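Chemist: Please see the structure below; I have some questions.
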Ligand SMILES: [Mn+2]
């Protein structure tokens, strides 16, 4: 389940967990299925192993993922004075993505970074970073398996959530056998995956679908249809009686790539407080992370994002310009190769 070159680091983490009694587990702001699943899966396993565990998610657990979360109280204060033996940060390319400031004595408290983002800054004392992994959940599954930590159907439910959401149901390009081996390990526990299937297949609200309809009627194509772009302003959301969260839940980010000629997309949208967001997606190897990083964000080669406190139309102009260049350069290189 684990690439051979990662065995030493995972063995090191195994020893550190065995030698620790108080562990803090955290993940990124606006937790997605993978952040929620990896945190809750690891926390459940560590609790079952008899560890004292603190769980930190600054934005809390999204309602729709709450069914995987154990009944623990979350730490939500922005500055955490940590005297834990270990801090484990999951699914975060950088420590700042957690939204927390961890005050720790590095002599006493070791920081472990477990992540699969290509933009990871290796911010941990120990970095278990596997950019070929489908999800942080796949990596936690490999760790629990290797460390022989508790891995029952409750742990499995959490890990399945991030495995299927981050891999888009195993449809991502370059998905490895290890993702399927993690799924096998999860299913071997006898976990009932019906709640996850319901979430994937019937998890949208009426408003999510109205926002999806708006997006499908208003996207634009550029670069000989290779690039799809969509801007959703607060005025559009107000007319649909929708909010910022409905854009994430609409499925639009990936749907732009279902056009057979389209290889990259960007959706630019606005939150109630004026913060503006971009979500980039691609297929065929176009690197959208480069664009996201240039705009102050991060992520993966095929899926990245950024957010800035500027007007949505200004962010859209910049994003569309940079994406146009990225797509044109990619195809120019292909044609010259
Ligand atoms: Mn992830």
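In the numbering used here, the protein residues as written are 7 to 343. We put the beta carbon where it would ideally sit given N, CA and C, even for glycine. Treat the numbers as computed from the prediction; the structure is a model and nothing was measured.
1) Taking 6 Å as the cut-off, is the beta-carbon of residue 33 closer than that to any non-hydrogen atom of ligand 1?
2) Give me the residue from 315, 166 and 210 with the minimum Cα distance to residue 197.
3) So, is residue 332 buried or exposed, given that buried needs 16 or more other C-beta atoms within 10 angstroms?
4) What runs of the beta strand (DSSP E), each 3 residues or longer, lie entirely inside the stretch 239-295?
5) Quick one: what does DSSP say residue 28 is sitting in, helix, strand or coil?
6) Please determine whether the Cβ atom of residue 60 lies at a distance below 6 Å from any heavy atom of ligand 1.
7) Compute the Euclidean distance between the alpha carbons of residue 319 and residue 281, then round it to the nearest angstrom.
8) Alpha carbon to alpha carbon, what distance is there between residue 30 and residue 60?
9) Whose C-beta lies closer than 8 Å to the C-beta of residue 278 among residues of the same chain, with five residues either side of it excluded?
10) Could you give the residue range of the alpha helix (DSSP H) that holds residue 225?
11) Expressed to the nearest angstrom, what Euclidean distance is found between the alpha-carbon atoms of residue 202 and residue 74?
12) With a floor of 4 residues, list each alpha helix (DSSP H) that falls wholly inside the stretch 129-154, ordered by position along the chain.
13) Which word fits residue 25, buried or exposed, when buried means at least 16 other C-beta atoms lie within 10 angstroms of its C-beta?
14) DSSP on residue 61, reduced to helix/strand/coil?
15) In terms of alpha-carbon separation, which member of 160, 123 and 118 lies closest to residue 306?
16) Among 179, 53 and 162, whose alpha-carbon lies nearest the alpha-carbon of residue 77?
17) At what residues does the alpha helix (DSSP H) containing residue 200 begin and finish?
18) State the Cα-Cα distance for the pair residue 301 and residue 275, rounded to the nearest angstrom.
19) Let me know the secondary structure DSSP gives residue 97 once reduced to three states.
20) Reducing DSSP to helix, strand and coil, say where residue 15 ends up.
21) According to the Cβ coordinates, are residue 185 and residue 173 closer than 7 Å?
22) Should residue 172 be counted as a contact of ligand 1 given a C-beta to heavy atom distance under 6 Å?
23) Can you tell me which of 321, 195, 317 and 11 puts its alpha carbon nearest to the alpha carbon of residue 303?
24) Does any heavy atom of ligand 1 sit closer than 6 Å to the C-beta of residue 141?
25) Terminal residues of the continuous beta strand (DSSP E) containing residue 117?
26) On the three-state DSSP scale, how would you describe residue 300?
27) Output the distance between the C-alpha atoms of residue 139 and residue 255, rounded to the nearest integer angstrom.
28) Starting from the Cα of residue 92, find the closest Cα among 103, 101 and 117 and give me that residue.
29) If you follow the alpha helix (DSSP H) that residue 42 is in, where does it begin and where does it stop?
30) In the DSSP assignment, find the unbroken beta strand (DSSP E) run with residue 313 in it and report its ends.
31) Using a Cβ distance threshold of 8 Å, determine whether the stretch 42-50 contacts the stretch 15-22, with at least three qualifying pairs required.
32) Are there 16 or more other CB atoms within 10 angstroms of the CB of residue 85, so buried, or fewer, so exposed?
33) Between the alpha carbons of residue 105 and residue 335, how many angstroms are there, rounded?
34) Could you work out which residue in 49, 208, 55 and 235 is closest to residue 262 when comparing CA atoms only?
Modeler: From the atom records:
1) Counting from one through the chain shown, the residue named residue 33 turns up at place 27. Outside the cutoff, so no.
2) Numbered from its first residue, the chain shown carries residue 197 at position 191. The shortest C-alpha separation from residue 197 is found at 166.
3) Here residue 332 corresponds to residue number 326 of the chain shown, with the count starting at 1. Burial check for residue 332: the Cβ neighbour count within 10 Å reaches 16 or more, so the residue is buried.
4) 270-276 and 282-288
5) Position 22 of the chain shown holds residue 28. DSSP places residue 28 in strand when its eight states are reduced to three.
6) Numbered from its first residue, the chain shown carries residue 60 at position 54. The answer is no for residue 60.
7) Position 313 of the chain shown holds residue 319. Position 275 of the chain shown holds residue 281. In this structure, the straight-line span from the alpha carbon of residue 319 to that of residue 281 is close to 12 Å.
8) Within the chain shown, residue 60 is the residue found at index 54, counting from 1. Within the chain shown, residue 30 is the residue found at index 24, counting from 1. Approximately 5 Å between the Cα atoms of the pair.
9) Locating residue 278 in the chain shown gives position 272, counting from the first residue. Cβ within range, chain order: 240, 249 and 250.
10) As a first step, residue 225 is located in the chain shown; it is residue number 219 there, counting from the start. No alpha helix (DSSP H) contains residue 225, which DSSP labels as neither H nor E.
11) As a working mapping, residue 202 is identified with position 196 in the chain shown. As a working mapping, residue 74 is identified with position 68 in the chain shown. Roughly 9 Å separates the two Cα atoms.
12) Within the stretch 129-154, the complete alpha helix (DSSP H) segments at least 4 residues long are 142-153, listed from N- to C-terminus.
13) Numbered from its first residue, the chain shown carries residue 25 at position 19. Looking at its Cβ environment, which holds fewer than 16 other Cβ atoms inside 10 Å, residue 25 is exposed.
14) One-based indexing of the chain shown puts residue 61 at position 55. In this structure, residue 61 counts as strand in the three-state DSSP scheme.
15) For this step, residue 306 is matched to residue 300 along the chain shown. Nearest of 160, 123 and 118 to residue 306, Cα basis: 123.
16) Position 71 of the chain shown, counted from the first residue, corresponds to residue 77. Cα-wise, what sits closest to residue 77 is 53.
17) Here residue 200 corresponds to residue number 194 of the chain shown, with the count starting at 1. It spans 200-208 - the alpha helix (DSSP H) in which residue 200 sits, taken as one unbroken run.
18) For the purposes of this step, residue 301 is taken as the residue at position 295 of the chain shown. For the purposes of this step, residue 275 is taken as the residue at position 269 of the chain shown. Cα to Cα, residue 301 sits roughly 15 Å from residue 275.
19) Numbered from its first residue, the chain shown carries residue 97 at position 91. Residue state, collapsed to three classes: coil.
20) On the chain shown, position 9 is the one that residue 15 refers to. Residue state, collapsed to three classes: helix.
21) As a working mapping, residue 185 is identified with position 179 in the chain shown. As a working mapping, residue 173 is identified with position 167 in the chain shown. Yes.
22) Taking the chain shown and counting its residues from 1, one reaches residue 172 at position 166. Yes, ligand 1 has a heavy atom inside 6 Å of this Cβ.
23) On the chain shown, residue 303 is found 297 positions in, with the first residue counted as 1. Checked all of 321, 195, 317 and 11; the closest Cα to residue 303 is 321.
24) What you label residue 141 is simply residue 135 of the chain shown in a count that begins at 1. At a threshold of 6 Å, residue 141 counts as near ligand 1, since its beta carbon sits closer than that to one of the ligand's heavy atoms.
25) In the chain shown, residue 117 corresponds to position 111, counting from 1. Residue 117 -> beta strand (DSSP E) spans 116-121.
26) Against the chain shown, residue 300 aligns to sequence position 294. Looking at residue 300 - three-state DSSP - the assignment turns out to be helix.
27) Translated into the one-based positions of the chain shown, residue 139 becomes position 133. Translated into the one-based positions of the chain shown, residue 255 becomes position 249. Going from the Cα of residue 139 to the Cα of residue 255 covers about 24 Å.
28) Position 86 of the chain shown, counting from 1, holds the residue named residue 92. Ranking 103, 101 and 117 by Cα distance to residue 92 puts 117 first.
29) As a working mapping, residue 42 is identified with position 36 in the chain shown. Residues 39-54.
30) Along the chain shown, read from residue 1 onward, the residue named residue 313 stands at position 307. Here the beta strand (DSSP E) through residue 313 covers 309-314.
31) no
32) Locating residue 85 in the chain shown gives position 79, where the first residue counts as 1. Flag for residue 85 reads exposed.
33) As a working note, residue 105 is residue 99 in the chain shown. As a working note, residue 335 is residue 329 in the chain shown. Between residue 105 and residue 335, the C-alpha separation is close to 35 Å.
34) As a working mapping, residue 262 is identified with position 256 in the chain shown. It is 235 whose Cα lies nearest to the Cα of residue 262.
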